[in-house]
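A.B. asks: Residue numbers (our numbering): -5 to 326. All C-beta atoms in this analysis are idealised placements derived from N, C-alpha and C, irrespective of residue type, glycine included. First the structure, then my questions, so here it is.
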């Protein structure tokens, strides 16, 4: 197990370094000059040169890159309007548009995105797996056909269309729910739940449909395996056969896809937060892309890569714990 964790950590460091290198090269060598954007319309060449010097943009690429990379571990100092601005490690840069440290901007908005992501993940995991198992148990019957039609419809509806439809029905027409806005759980747990339930549902619907189909297929395949037939032939109770011999191998692949989906939720959060007007990291990403705020875009890209890599590592470790064959093979 220690060797597996060590190899995953080493791989994570290498991948993060490569992602940092490529994203830095893309955003700071191939895009528009940040100094021109900061300077605005009424600007002189001398002022643009001064901004480049202050931000270190006049330095060679590798000097800038190592400075950025070093800032992640030791922090950096920026010169803004003649004043020094300290950026503590891990320093993710300085926003060209809002004149704020990027790390502070992300920290302020991350709780909203985490709330939406975790709530949606719980919904789609419980709903998708339960519907998939029921569909497999009732294979070919009305309930199976009902879930098949429901999942097909859920996968066909874009998130933004579903969000607008649910807002109109439950907020405008029926008045059962408030318009979603960020409320701290500690301030009012009930209002917090009502405000986030629509974003959770919108983000979870598509994933739940996929999990329903995946779980159904895995359970049906597992029930055809010889070890399940043997368990039944030995006279074990049906419930015991399901819990001990059918569900565990059938749900093991779900662990893999669940970890990857949770790690990559930022893409779905961009649409959900933008439609509902919630100021999370997803909306920050959308606003930064519109304003071409390169340090923020790069920081969010690194953050996404970090979560995906962490998700991969957690999935690998869970897989090792769930399936003894993986652990045995690793130690051989």
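With a threshold of 6 Å on Cβ separation, who are the neighbours of residue 299 within its own chain once the five nearest residues in sequence on each side are excluded?
C.D. replies: Counted from its first residue, the chain shown places residue 299 at position 305. Counting only Cβ-Cβ distances below 6 Å, and skipping sequence neighbours, we find 13.
A.B. asks: Spatial neighbours of residue 254 within its chain, please: C-beta separation below 8 Å, excluding the five flanking residues on both sides.
C.D. replies: Within the chain shown, residue 254 is the residue found at index 260, counting from 1. Here the set comprises 302, 305, 306, 309.
A.B. asks: Assuming residue 88 and residue 96 make a contact with CB atoms under 8 Å, what is their CB distance in whole Å?
C.D. replies: Here residue 88 corresponds to residue number 94 of the chain shown, with the count starting at 1. Here residue 96 corresponds to residue number 102 of the chain shown, with the count starting at 1. About 7 Å; that satisfies the 8 Å criterion.
A.B. asks: What does the Cβ neighbour count give for residue 277, buried or exposed, with the cut at 16 atoms within 10 Å?
C.D. replies: Reading the chain shown from its first residue, position 283 is the one you call residue 277. Buried, since its Cβ has 16 or more Cβ neighbours within 10 Å.
A.B. asks: Measuring alpha carbon to alpha carbon, tell me which of 39, 72, 86 ends up nearest residue 293.
C.D. replies: Counted from its first residue, the chain shown places residue 293 at position 299. When each option's Cα is compared against that of residue 293, the closest is 86.
A.B. asks: Identify every run of the alpha helix (DSSP H) within the segment 66 to 154, keeping only runs that are complete inside it and at least 4 residues long; order them along the chain.
C.D. replies: DSSP runs (the alpha helix (DSSP H)) wholly in the segment 66 to 154: 96 to 131, 136 to 150.
A.B. asks: I need the DSSP call for residue 325, collapsed to helix, strand or coil.
C.D. replies: Locating residue 325 in the chain shown gives position 331, counting from the first residue. Note on residue 325: pLDDT 45, under 50, position unreliable in the model; no value is reported.
A.B. asks: Grouping DSSP H, G and I as helix and E and B as strand, with all else coil, what is residue 33?
C.D. replies: For the purposes of this step, residue 33 is taken as residue 39 along the chain shown, with counting starting at 1. Helix, per DSSP.
A.B. asks: Would you mind sorting residue 259 into buried or exposed? The rule is 16 or more other CB atoms within 10 Å of its CB.
C.D. replies: Counted from its first residue, the chain shown places residue 259 at position 265. Buried, because 16 or more other Cβ atoms sit within 10 Å of the Cβ of residue 259.
A.B. asks: Among the candidates 133, 83, 249, 216, whose CA atom is the shortest distance from the CA of residue 70?
C.D. replies: Within the chain shown, numbered from 1, the residue matching residue 70 stands at position 76. Of the candidates 133, 83, 249, 216, the one whose C-alpha sits nearest the C-alpha of residue 70 is 83.
A.B. asks: Find the nearest neighbour of residue 360 within the set 165, 297, 216, 215, judged by alpha-carbon distance.
C.D. replies: With the chain covering only -5 through 326, there is no way to say anything about residue 360.
A.B. asks: Have a look at residue -4 and residue 77 and give me their C-alpha separation to the nearest angstrom.
C.D. replies: On the chain shown, residue -4 is found 2 positions in, with the first residue counted as 1. On the chain shown, residue 77 is found 83 positions in, with the first residue counted as 1. So the alpha carbons of these two residues sit roughly 48 Å apart.
A.B. asks: Name the residue from 232, 242, 208 whose alpha carbon lies nearest to the alpha carbon of residue 122.
C.D. replies: As a working mapping, residue 122 is identified with position 128 in the chain shown. Per the Cα distances, 208.
A.B. asks: Excluding the 5 residues preceding and the 5 following residue 127 in the sequence, name in chain order all residues of the same chain whose CB lies nearer than 7 Å to its CB.
C.D. replies: Your numbering for residue 127 matches position 133 in the chain shown. 209, 213.
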